[in-house]
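Report on one structure; see the data block that follows.
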Amino acid sequence: MTSIIFLDLPVGTGFSYARTTRDPHSTDIQLCDHAYEFMRKWFESHLEFVSNPFYVAGDSYSGNPIPVITQLISDGNT
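This is how it looks when you write it as structure tokens:
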């Protein structure tokens with residue numbers, strides 16, 4: 067069985083939205099921090115998936131933030 071999470075970033079793209087009226091624009095660093103925070107919280111809430119293989123992928127512009135997000139995830143697992 068395979069599980070896939072599609073994460074729309076930055077906020078305001080795809081089906082993503084902000085819960086506040088703060089300025090929805092963010093820097094690439096904030097985008098990476100938000101993605102990492104989402105994944106960390108998601109795995110904390112879904113412990114049954116922690117032991118599964120984990121892959122990060124993206125297309126188009128995500129080639130810029132994906133390496134940073136992957137590094138944040140890797141650093142958070144040490």
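Following the numbering used here from start to finish, the sequence shown increments by one per residue and tops out at 144. Using N, Cα and C, we set each Cβ at its ideal position, and we do this for glycine too. Predicted, not measured: the structure shown is a model, and the values here were computed from it.
| Query | Result |
| --- | --- |
| Where the alpha helix (DSSP H) through Gly-142 begins and ends | 131-142 |
| Close Cβ partners of Gly-80 (< 7 Å) along its chain, the five nearest in sequence each way excluded | Asp-74 |
| Per-residue burial, Pro-119 [other beta carbons within 10 Å of its own, 16 or more giving buried] | exposed |
| DSSP three-state assignment for Met-67, whether helix, strand or coil | coil |
| As assigned by DSSP and simplified to three states, the class of Arg-88 | coil |
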